[in-house]
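S.K.: Shown below is the structure under consideration.
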Amino acid sequence: MLGQQLAYPVARTVDAQDTVAGMTFPDPYRWLEDESDESMAWQREQNALTDAFVEGWPHLARLRAVIEHYVADGTGSPNWMVEPVPRFAGGRWFRLDRTPAPEYPDRAVLIVSDEPEGSGRVLYDPNAAGDQQISWLAPSPDGRKVAFAVCANGSDLGEIYLLDVETGRRLADRIPHRTLGPLVIPQWLPDGSGFFYTAGITSEGGFALRLYLHLVGSPVTADPEPVDAADGPTVQVAADGRHAVVTSVWPLPQYVCELPERQWRPFVQGIDSSVAGVIDGDFYVAVTNHDAPRGRVVEIPFDGPNPSDPATWRELVPESERVLGNLRLIGGRLVVTGSVDTEGRAWVFDRDGTELEEVPLPGRGALPLDVLPNATLAPDGHPDEFVFLFSTPVSSPGLYRYRLGSGCVDTLRAPRARLRGVASSLRWARSADGTRVPYHLVRPDGAGTGPVPTLVSGYGGGRVSWPAQFSGPVAAFVAAGGALAISHQRGGSDLGSDWADAGRVEHKQNSFDDLYAIAEDLVATGVTTTEKLALTGWSNGGIMAGVAYAQRPDLWAAVVAQCPVLDIVGTHRHPYGRFAVTAEYGDLDDPDDVARLATMSPYQNLKDGVAYPALYVHTGGADVACPPGPTRKFIARAQAATSVVGPALVRVWDEVGHGMATSRSESITHATHWLAFLMRQLGMVPPEAGRHTR
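For the sequence shown, the numbering used here begins at 10 and goes up steadily by one.
Next up, the structure:
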């Protein structure tokens, strides 16, 4: 259906200009950024148009049933957002269970049990409240109390609850600060008397993450801890109770103190490197990319005269061809997780750095919780056992246990969903500057006889890997005969920190060029054609999708941008947007950077007379990271373009945030909507009930 055949709601234009770092840009739809009665009425009309278009597809109910099967882990959110590994404390295991069941069908429940998997006792069920979602949990070291965040009305910012584990009663403590989980997990003091937590603070047009200490039974303090790590501080507390370390979200252990005095002093500061590790007695043992883009393991003494000087660090494991990502201290050994050619691996080293063994992981895939550089700053699992999640491009995350030295991995919970009759392979494309770029291709067996509908999924930023793992709801696209390409483009750390930095800030265009190279390789090798090729991404990947829509409309039949920011230049008016864009794209106070950003920003790059592909954008009305205002502006401009050859639709979901606190049923609804749009554009039909599982 041609975009011109849809009766889009009228969006008036205004004579507005956006001035950034002395540069001026037309902003004809500025009024749509406001939450005014007029813009809300326009949004409701757009939602109604999108719903009518999607719900007019006769296969919608069948598609939803297929998606429900493939999100058997309980969430339809973006594919790295899976349930955390169960937490061990006081001889018991604490976990969030998102498995749908009659007694708790929609939202994860908090469970305590004697084993990491299996039956247990429900401590808190948010389904009774109807509008709540648990985003993280943190049991006290003795297992007698548990702190967790409850998000309401779709917000990703959670209020902290405290429970007495034996009685299940909620403690009287009420913490009004809002935590941004599950990215920054609170850490308890060893005696269980209190815990450190990180809260998002918006004030005076800025956004910052501040560190606080809450003592159980005491009033909440308004004063943060006296540490200057505003980019996302989290605390690591030693199991022996002797030290605590403050680490920034892009990990650098900036402060250390002896407990219980809490007199913070500088530790590792002033270096532009990642140092992510654990406290081990009088040392901080970490994976660092300093002088080692693929990572090496070092030991830093707490009492050293100059811990900020990398020359004083003792190297335990040198850099090699493998990419080292995260480190755990288990049973007195170092368990280091990472990857080789983007595929997850894990190795065990003695405390002096001698390699002892490689963990026999159950396939070629990823440890989905290790994609973030701060993934293991909060301890998880058992102190003497490596308990981990593992997923492949064709199987959902399973829960596994490895007892060091055993040579055998125990399956605690097998993958709940698998794609049948498909093959997964690692392939390489050639980017514009000659760089080889990896991607994983998942497609039906025997699909080499002709082009098939193909969806490219990527993230490409934030030093975050986009791993070779199960795609959740997107598995329904493959089950219907399509192919999925998982992009490992620059900007992410899939091949190391130099790979990430080569696609960030002044090099950001490389990340998009890598994406285009993968698309062109899929066409050149006969996997698909441009008439059958689609693109999607979430958050930073949603920005990526919007940029690709505007920069290379010739490559795609359809583009789906999920929870994006589509006016990169305009983020200078939004506290979190300025915070995030400055870190990843460029300085909004620098005219040269702003000029470069304007060549990428989707809103500024739409032009009349260009044939744009079909477009679907969805976002949350309560999203503090990527608010819906800039998306409304972009859609209005896209709909006004004279040569849009496919529908340009938007869906703003009320009382929904960035996706981290969305219920299972809501997540499935959102995924069903955008996949229905995509499959309708590509002429696909979902398989009949039961056919996709054979």
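Idealized CB from N, CA, C, for every residue including glycine.
Model, not experiment: these values are computed from the prediction.
What residues are listed by DSSP as bridge partners for A158?
M.R.: Taking the sequence shown and counting its residues from 1, the one referred to as residue 158 is at position 149. In DSSP, A158 forms a bridge with W145, I169.
S.K.: Within a Cβ cutoff of 6 Å, which residues of the same chain sit near T33, ignoring the five residues on either side of it in sequence?
M.R.: For the purposes of this step, residue 33 is identified with residue 24 of the sequence shown, where counting begins at 1. The residues are Q26.
S.K.: Enumerate, from N- to C-terminal direction, the unbroken beta strand (DSSP E) stretches of 3 or more residues contained entirely within the stretch 394–446.
M.R.: 395–401, 404–411, 418–422, 431–439, all fully within the stretch 394–446.
S.K.: For the beta strand (DSSP E) holding I577, just list the boundary residues, first then last.
M.R.: For the purposes of this step, residue 577 is taken as the residue at position 568 of the sequence shown. Run containing I577: none; DSSP gives neither H nor E here.
S.K.: Do A543 and L687 have their C-beta atoms within less than 7 Å of each other?
M.R.: As a working mapping, residue 543 is identified with position 534 in the sequence shown. As a working mapping, residue 687 is identified with position 678 in the sequence shown. In this structure, L687 lies closer than 7 Å to A543 by Cβ.
S.K.: Helix, strand or coil for H682 per DSSP?
M.R.: Start at 1 with the first residue of the sequence shown, and residue 682 comes out as number 673. Helix, per DSSP.
S.K.: Under a Cβ-count criterion, where at least 16 other Cβ atoms within 10 Å of its own Cβ denotes burial, should R53 be classed as buried or exposed?
M.R.: Mapped onto the sequence shown, residue 53 falls at position 44. Classification for R53: exposed.
S.K.: Spatial neighbours of P95 within its chain, please: C-beta separation below 6 Å, excluding the five flanking residues on both sides.
M.R.: Stepping through the sequence shown from its first residue, residue 95 is reached at position 86. If we look at P95 and ignore the five residues flanking it on each side, its Cβ neighbours are W102, R104, P125.
S.K.: Does the beta-carbon of T545 have 16 or more other beta-carbons within 10 angstroms, so that it is buried, or is it exposed?
M.R.: By 1-based counting over the sequence shown, the position of residue 545 is 536. With 16 or more other Cβ atoms within 10 Å, it is buried.
S.K.: Under a Cβ-count criterion, where at least 16 other Cβ atoms within 10 Å of its own Cβ denotes burial, should L658 be classed as buried or exposed?
M.R.: Within the sequence shown, residue 658 is the residue found at index 649, counting from 1. Its Cβ being crowded by 16 or more others within 10 Å, L658 is buried.
S.K.: Residues in its own chain within less than 8 Å of P199 by CB, not counting five upstream and five downstream?
M.R.: Position 190 of the sequence shown, counting from 1, holds the residue named residue 199. Hits under 8 Å: P150, V246, A247, A248, D249, G250, L268.
S.K.: Report all residues from its chain with a CB closer than 6 Å to the CB of N614; omit the five preceding and five following residues, and keep chain order.
M.R.: Translated into positions along the sequence shown, residue 614 becomes position 605. Answer for N614: A559, listed in chain order.
S.K.: Could you tell me the boundaries of the alpha helix (DSSP H) in which P584 lies?
M.R.: Position 575 of the sequence shown, counted from the first residue, corresponds to residue 584. Run containing P584: 584–593, per the alpha helix (DSSP H) assignment.
S.K.: Three-state secondary structure (DSSP) at I495?
M.R.: Here residue 495 is taken as the residue at index 486 of the sequence shown, counted from 1. Of the three classes helix, strand and coil, the one that applies to I495 here is strand, per DSSP.
S.K.: Can you tell me where the beta strand (DSSP E) holding P310 begins and where it ends?
M.R.: The residue you call residue 310 lines up with position 301 of the sequence shown. That run of the beta strand (DSSP E) goes 305–310.
S.K.: Here's the rule: buried if 16 or more other CB atoms are within 10 angstroms of the residue's CB, otherwise exposed. What is T351?
M.R.: As a first step, residue 351 must be located in the sequence shown, where it is residue number 342. Buried: at least 16 other Cβ atoms inside 10 Å.
S.K.: Helix, strand or coil: how does DSSP classify E697 here?
M.R.: On the sequence shown, position 688 is the one that residue 697 refers to. If DSSP states are grouped into helix, strand and coil, E697 belongs with coil.
S.K.: Measure the alpha-carbon distance for H497 versus W547 and round it to whole angstroms.
M.R.: Within the sequence shown, numbered from 1, the residue matching residue 497 stands at position 488. Within the sequence shown, numbered from 1, the residue matching residue 547 stands at position 538. The straight-line gap from Cα to Cα measures roughly 14 Å.
S.K.: Return the chain-ordered list of same chain residues with a C-beta closer than 6 Å to the C-beta of R71, the five sequence neighbours on each side being excluded.
M.R.: In the sequence shown, the residue the question calls residue 71 occupies position 62. Same-chain partners within the cutoff: P695.
S.K.: Candidates D454, A320, A477: which alpha carbon is nearest V465's?
M.R.: For the purposes of this step, residue 465 is taken as residue 456 along the sequence shown, with counting starting at 1. With distances taken between Cα atoms, V465 lies closest to A477.
S.K.: Can you tell me whether R673 is helix, strand or coil according to DSSP?
M.R.: What you label residue 673 is simply residue 664 of the sequence shown in a count that begins at 1. Of the three classes helix, strand and coil, the one that applies to R673 here is helix, per DSSP.
S.K.: Measure the CB-CB distance between G8 and L413 and report whether it falls below 7 Å.
M.R.: The chain is shown only over 10 to 703; residue 8 falls outside these bounds and no answer can be derived.
S.K.: Can you tell me where the alpha helix (DSSP H) holding I280 begins and where it ends?
M.R.: For this step, residue 280 is matched to residue 271 along the sequence shown. Run containing I280: none; DSSP gives neither H nor E here.
S.K.: Can the beta-carbon of A117 be found closer than 7 Å to that of I143?
M.R.: Residue mapping note: residue 117 aligns to position 108 of the sequence shown, counting from 1. Residue mapping note: residue 143 aligns to position 134 of the sequence shown, counting from 1. Cβ distance < 7 Å, so A117 and I143 count as in contact.
S.K.: What first and last residue would you give for the beta strand (DSSP E) that runs through R342?
M.R.: Residue mapping note: residue 342 aligns to position 333 of the sequence shown, counting from 1. That run of the beta strand (DSSP E) goes 342–349.
S.K.: Taking C-alpha atoms, which residue in G490, D43, D507, V578 lies nearest to G430?
M.R.: To locate residue 430, count along the sequence shown from 1; it is residue 421. Answer by Cα proximity: G490.
S.K.: Are there three or more Cβ pairs, one per stretch, closer than 8 Å when the stretch 389–400 is compared with the stretch 322–340?
M.R.: The stretch 389–400, when compared against the stretch 322–340, does touch it at the 8 Å Cβ threshold.
S.K.: Measure the C-alpha to C-alpha separation of E283 and R673 and round it to an integer number of angstroms.
M.R.: Within the sequence shown, numbered from 1, the residue matching residue 283 stands at position 274. Within the sequence shown, numbered from 1, the residue matching residue 673 stands at position 664. Residue identity check: residue 283 is Ser in the sequence provided, not Glu. About 34 Å.
S.K.: For P637, which residues of its own chain have a beta-carbon under 8 Å away from its beta-carbon, when the five flanking residues on both sides are left out?
M.R.: Translated into positions along the sequence shown, residue 637 becomes position 628. So the qualifying residues of the chain are Q52, T628, G629, G630, V661.
S.K.: Going by CA-CA distance only, name the one from R452, G551, D419 that's closest to A705.
M.R.: Look at the range of the chain in this structure, 10 to 703, and you will see that residue 705 is not part of it.
S.K.: So which of G469, T580, R641, V131 has the shortest CA-CA distance to R178?
M.R.: Stepping through the sequence shown from its first residue, residue 178 is reached at position 169. Ranking the options by Cα distance to R178, first place goes to V131.
S.K.: Given that a residue counts as buried once 16 or more other Cβ atoms are within 10 Å of its Cβ, and exposed if not, what is D60?
M.R.: Here residue 60 corresponds to residue number 51 of the sequence shown, with the count starting at 1. Exposed.
S.K.: Spatial neighbours of G12 within its chain, please: CB distance less than 6 Å, with the 5 preceding and 5 following residues excluded, ordered by chain position.
M.R.: Along the sequence shown, one-based indexing puts residue 12 at 3. Any reading at G12 must be qualified, since the residue scores a pLDDT of 44, below 50, and its modelled position is unreliable; no value is offered.
S.K.: State the start and end residues of the unbroken beta strand (DSSP E) segment that holds A248.
M.R.: Numbered from its first residue, the sequence shown carries residue 248 at position 239. Segment: none, A248 is in no beta strand (DSSP E) and carries neither H nor E.
S.K.: Quick one: what's got a C-beta closer than 6 Å to D419's C-beta in the same chain, skipping five residues either side?
M.R.: Within the sequence shown, residue 419 is the residue found at index 410, counting from 1. If we look at D419 and ignore the five residues flanking it on each side, its Cβ neighbours are R410.
S.K.: For L119, does the three-state DSSP call read helix, strand or coil?
M.R.: Locating residue 119 in the sequence shown gives position 110, counting from the first residue. Three-state DSSP puts L119 in a strand.
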